[in-house]
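Note that our numbering has the sequence shown beginning at 1206, numbered continuously upward.
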Amino acid sequence: MITSSNGCDSVLHLHLDIPKSSSVRLVSRACGSLTINGELYTSSGTYQQVLSNTAGCDSILILDLSIHKSYFDSVYLTDCDSVVYLGQTYKTSGQYPLNHQSTNGCDSTINVFINIPNSKATVYKHATCDSATINGTTYTQSGIYTQTLSSANGCDSSLQIELNIFTKTAGQITWTACDSAEINGISYLQSGNYMQLLKNTNLCDSTLDISLNLSKSSTEALKLKSCDSVRVNGQLYSQSGIYTQVLKNSAQCDSILTIDFTRQQSSSADLSYKSCDSIEVNRQVYKQSGNYKQTLVNVNNCDSIINLQIEITKAVQKICLSNNAILLKSTVSFTPKAESILKS
């Protein structure tokens, strides 16, 4: 009962609705971890969450959690030919991941490592020189061979060997050259017998015996003096100078010929002579006037051309014993006293 503002009684009837708090139990199973209402759980156990229900009152959530771990493991198995594991047959060595569910319903991963020794025939191809030793057995001839081996785990292994065995080779050559020779990258400067150790086409040792004959190149000098021009080994030289010819000597090697050539000139001269009766020039006697040519040898042993202009004046043999005579086409008067000979 409530008294109003004017002092009178006032009756207030209240109808109240009071919500109840609530609680809920949750049983859950998970693998690895579980998140509920933003909370992460990684271990099994009983947990409690205080929440608000729709009426705004507390709501208790009881969690009964079973969290199981995933299972990881590795298995190593070795056997001959094949391996059987969890119903799977393996015939090849390798790593195999195996996924299955464990008894708690969670994923389980097993890495299976399989090692299967090769018990089948293996082909081995091999090439070598002279001989080959394989697994303690020595072979000296080419062919196909089979070895049966035992591995550490007791499995038989068959090895088929295809073998090529090459032999050493030997060769001999006779080599002729000038001054030097290069054979297989090796230089030689003297004649003689040499041996080289090489590799043949099969990459086996190959011996090469070399009989080497080296001839020397030669040099010669030639001094020449000649008139006008000279020809040496078919080459014509018309001017003085030093020339070089590259020839082949008797060994077919280079022969260097140095030619020192001096060209000596011919000479000429013009001479005039006057004489009575005759004249002798350079042991040649001329009795008549005229132009003559002499070819002599000068101090250089070259031709010397002399052009001669000779004038011969004849003498009067006799004069008659008279008063007149014709002398050089002219009439001359004189008184002769004796027989005379006149010369112009």
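Positions of the beta carbon are idealized from the N, C-alpha and C atoms, including for glycine.
None of these values were measured; they are calculated from a predicted model.
- Counting C-beta pairs with one atom in each stretch, the region 1232-1240 and the region 1277-1288 have fewer than three that are closer than 8 Å, which means they do not touch.
- With respect to the C-alpha of D1263, the residue from E1425, K1330, T1342, V1229 having the closest C-alpha is V1229.
- In this structure, Q1401 lies near I1391, with their beta-carbon atoms less than 8 Å apart.
- For Q1499, the enclosing beta strand (DSSP E) stretches over residues 1495-1502.
- S1396: not part of any beta strand (DSSP E); DSSP gives it neither H nor E.
- For the pair A1326 and L1368, the CB atoms are not nearer than the 8 Å cut-off.
- Collapsing the DSSP output to three states places K1492 in coil.
- Beta-bridge partners assigned by DSSP to A1235: I1272.
- Pairing D1269 with S1249, the inter-Cα distance amounts to about 8 Å.
- Using a 10 angstroms sphere on the CB of L1403, the tally of other CB atoms stays under 16, which defines it as exposed.
- DSSP places S1460 in the strand class (E or B) of the three-state scheme.
- Unbroken beta strand (DSSP E) stretches of 3 residues or longer found wholly inside the region 1355-1383: 1361-1371, 1374-1383, given in chain order.
- In the DSSP assignment, L1419 falls within the unbroken beta strand (DSSP E) covering 1410-1420.
- When DSSP reads this structure, T1294 sits in a beta bridge with V1289.
- In this structure, L1513 and V1486 form a Cβ contact; the two beta carbons are roughly 6 Å apart against a cut-off of 8 Å.
- Rounded to whole angstroms, the gap between the alpha carbons of T1372 and D1410 is 8 Å.
- A Cβ-Cβ contact shorter than 8 Å links A1382 with L1419.
- Rounded to whole angstroms, P1302 and C1334 show a C-alpha spacing of 47 Å.
- In this chain, the beta strand (DSSP E) harbouring T1518 covers 1508-1518.
- Out of Y1442, C1481, H1273, K1479, the CA that lies nearest to the CA of S1313 is found in H1273.
- C1481 sits in a strand when the DSSP states are folded into three classes.
- Non-local beta-carbon contacts of V1451 in its own chain, meaning distances under 7 Å to residues more than five positions away in sequence, involve D1459, I1461 in chain order.
- With the rule of 3 Cβ pairs closer than 8 Å, the region 1500-1513 counts as touching the region 1432-1440.
- Following the DSSP letters along the chain, one finds S1431 inside the beta strand (DSSP E) bounded by residues 1423-1432.
- The beta carbons of T1251 and I1267 sit about 7 Å from each other, so the pair counts as a contact at 8 Å.
- For L1282, the closest of D1361, Y1344, I1319 by C-alpha to C-alpha distance is I1319.
- V1288 counts as buried, since at least 16 other C-beta atoms from the protein chains shown sit within 10 angstroms of its C-beta.
- Bridge partners of N1320 according to DSSP: T1283.
- Looking at the DSSP output, C1334 bridges to F1371.
- Per the DSSP secondary-structure output, S1264 pairs in a beta bridge with S1227, L1256.
- Here the alpha carbon of Q1352 sits roughly 26 Å from the alpha carbon of Y1295.
- In the DSSP assignment, the residues bridged to G1299 are I1319.
- Annotation: A1326 is outside any beta strand (DSSP E) and is labelled neither H nor E by DSSP.
- Taking each of Y1393, L1441, Q1493 in turn and checking the Cα distance to E1516, the smallest one comes out for Q1493.
- Of L1417, A1456, T1406, T1500, the smallest CA-CA separation from R1488 is found for T1500.
- A1386 is classed as buried because its beta carbon has at least 16 other beta carbons within 10 Å across all chains shown.
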